[in-house]
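K.L.:
Letter by letter, the sequence shown follows residues 1 to 34 of my numbering. Note that beta-carbon positions come from the ideal geometry of N, C-alpha and C, so glycine has one too. These figures come from a predicted structure and were not determined experimentally.
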Amino acid sequence: MLVAVVIMFAGCYFPVHMLNVASAINPVIYNFMS
Numbered sequence: 001m002l003v004a005v006v007i008m009f010a011g012c013y014f015p016v017h018m019l020n021v022a023s024a025i026n027p028v029i030y031n032f033m034s
């Protein structure tokens, strides 16, 4: 049961975390490309 809760928690928060990381890295990528 605990594993299912952890998987659900990770499934809910992983995309949000990836969006935050992508928005934080995007300016670095743009500065590097130009």
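(1) Just the C-alpha distance for Ser34 and Val28, rounded to the nearest angstrom, thanks.
(2) May I ask which residues mark the beginning and end of the alpha helix (DSSP H) holding Ser23?
(3) Return the CA-CA distance between Gly11 and Leu2, expressed in angstroms with no decimal places.
(4) In whole angstroms, what is the alpha-carbon distance linking Pro15 and Ala24?
P.N.:
In brief:
(1) Start at 1 with the first residue of the sequence shown, and residue 34 comes out as number 34. Start at 1 with the first residue of the sequence shown, and residue 28 comes out as number 28. Roughly 10 Å separates the two Cα atoms.
(2) Residue mapping note: residue 23 aligns to position 23 of the sequence shown, counting from 1. Ser23 -> alpha helix (DSSP H) spans Leu2 to Met33.
(3) Numbered from 1 along the sequence shown, position 11 holds the residue referred to as residue 11. Numbered from 1 along the sequence shown, position 2 holds the residue referred to as residue 2. Roughly 14 Å separates the two Cα atoms.
(4) Residue numbering aside, residue 15 sits at position 15 when the sequence shown is read from its first letter. Residue numbering aside, residue 24 sits at position 24 when the sequence shown is read from its first letter. Taking the straight line joining both Cα atoms gives about 14 Å.
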